[in-house]
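Data first, discussion second: the structure below is written as structure tokens.
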Amino acid sequence: MLKCSFFFLLLIIISLFSLGFFDEGSNQYFPLIFIFLSFVSFEVLNLFYNISLKRISKSKDEGFLSNIGWAFGYLGGLLSLIIAFYFLNYTKNNGYEIFGLSSFTFIGPFVGIWTFTFCFFHFKNFQNKKFIIPKVDSLYNNFDKAKIKYFLISFFFFNNGVVSIFAFASMFASFLYNFSETEILLLGIFINLSGIIGCIIFGIYENILGVERNIFISILGLTFLSLILLFVDSKINFWIIAMSIGFFIGPIQACSRSLLVEKLNLSDQMGAFSLFSMLGNVCAILGPFLVGYVIDVFTSIKAGLFIIPLFFLLSIVPFWRKFNV
């Protein structure tokens, strides 16, 4: 039994505010401890956030709300990034200092305020709600009964591809297409905007196509686009492909969440999203490691880039086998 409380919300806010006390000459280990605590808190809060989708939506609206929620997540990330960027740029002529302090020390507290502002009222609605954590054998049986075992296998592969894109996009842009720092920043902004548009469109059509088809279309789109990327030489074509990839990345993440919500009973979702989160964190290490390893072995960025469509191709096999797409 796990209870939703304000403990982890307070922990992430305290951890983020604590980063404001560390500057260039500070002990390097203490900030890492607070960053670690903030990451752990975020994962737990995200777990409760995902589970809340079933409680706030009607039976046919999970997909739409999941996609719109993901779109607002992208929008919030962009707005906070723009605010932080302009704040740092404002203090640039003063050596990145304000009030006699490094302007970078204000970023952690800013994120803490941002997190509290947008989290408090949502989690207040679920304060002291209790969620059942199932045993491993019953968790497997629930997956079997809901027919999502093969989806989780597929998720493991395509999420490795998604995470690898996020991890190496700036390096590909810089080394292969000579993007400047400003161009890389703009690329990230426009990819996020493309993701917002993708989430809105896929959210609208989820009731018509079904969540399985939405995910399958996204996998096919990402497979095709990441393969084309291997043969793209011009900067303008890279821009087009990158923004097209962003269009599918948002929906594939949002629809993965709504599939679990649609297929599982509310009482089974805590265990499912816990495993979902664990697989996501494994992918955050494994995918970039494999891409980086191939780049190192073959001393070729394009060789590492080839691993990404391979992840997406592997994800098609279990998905195709089980779902009627």
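By our numbering, the letter at position 261 of the sequence shown is numbered 266, and the numbering carries on one by one without gaps.
The C-beta atom is built at its ideal place from N, Cα and C for all residues, glycine as well.
In this text the structure is predicted, and so the values were computed from the model without any measurement.
**Asked** What are the residues that DSSP puts in a beta bridge with S107?
**Response** Answer is E102, bridged to S107.
**Item:** Touching by the beta-carbon criterion (3+ pairs, under 8 Å), the segment 109-120 and the segment 23-37
**Value:** Touching, yes.
**Asked** If you draw a straight line from the alpha carbon of P114 to that of E267, how long is it in whole angstroms?
**Response** 37 Å
**Prompt:** So, is L191 buried or exposed, given that buried needs 16 or more other C-beta atoms within 10 angstroms?
**Reply:** exposed
**Message:** Is the beta carbon of Q258 closer than 8 Å to that of K59?
**Reply:** no
**Message:** What would DSSP say about Q33, mapped onto helix, strand or coil?
**Reply:** coil
**Message:** Using the Cβ count rule (16 or more neighbours within 10 Å means buried), how would you classify F317?
**Reply:** buried
**Request:** Taking only the alpha-carbon atoms, compute the straight-line gap between L42 and V237 and give it to the nearest angstrom.
**Result:** In a straight line, the C-alpha of L42 is about 41 Å away from that of V237.
**Asked** Taking DSSP as the reference, what is the three-state secondary structure of F69?
**Response** In the structure shown, F69 sits in a helix (DSSP, three-state: H, G or I).
**Message:** Check for me: the alpha helix (DSSP H) holding V237 runs from which residue to which?
**Reply:** That residue, V237, is in no alpha helix (DSSP H); it is neither H nor E in DSSP.
**Asked** How many angstroms separate the CA atom of N55 from the CA atom of N32?
**Response** 36 Å
**Prompt:** What's the gap between the Cα of N242 and the Cα of E186?
**Reply:** 19 Å
**Asked** Enumerated in chain order, which unbroken segments of the beta strand (DSSP E) with a length of 3 residues or greater are wholly contained in the segment 184-235?
**Response** none
**Request:** Please state if the CB of V296 and the CB of G309 are separated by a distance shorter than 8 Å.
**Result:** yes
**Asked** What is the DSSP secondary structure of N130, reduced to helix, strand or coil?
**Response** coil
**Asked** From what residue to what residue does the alpha helix (DSSP H) around D301 run?
**Response** Looking at the DSSP string, the run of the alpha helix (DSSP H) that includes D301 is 274-303.
**Prompt:** Going along the chain, which residues of its own chain have a beta-carbon closer than 6 Å to the beta-carbon of S23, five neighbours each way excluded?
**Reply:** By the criterion of a C-beta distance shorter than 6 Å, S23 is surrounded in its chain by F39, once the five residues flanking it on both sides are discounted.
**Request:** Using 10 angstroms around the beta-carbon of F248, count the other beta-carbons present and answer buried if the total reaches 16, otherwise exposed.
**Result:** One detail in the question is off: residue 248 reads as Met in this sequence, not Phe. The residue in question, M248, is buried, as its Cβ has 16 or more Cβ neighbours within 10 Å.
**Item:** Helix, strand or coil at L52 according to DSSP, with G and I counted as helix
**Value:** Note: L52 maps to helix in three-state DSSP.
**Asked** So, is F69 buried or exposed, given that buried needs 16 or more other C-beta atoms within 10 angstroms?
**Response** Buried is the label assigned to F69, since at least 16 other Cβ atoms lie within 10 Å of its Cβ.
**Message:** Once the 5 residues before and after N197 are set aside, which same chain residues still bring their CB inside 6 Å of it?
**Reply:** Y79, L83
**Prompt:** Among I158, M283, V49, L319, which residue has its Cα nearest to the Cα of F11?
**Reply:** Measuring C-alpha to C-alpha distances from F11 to each of I158, M283, V49, L319 identifies V49 as the nearest.
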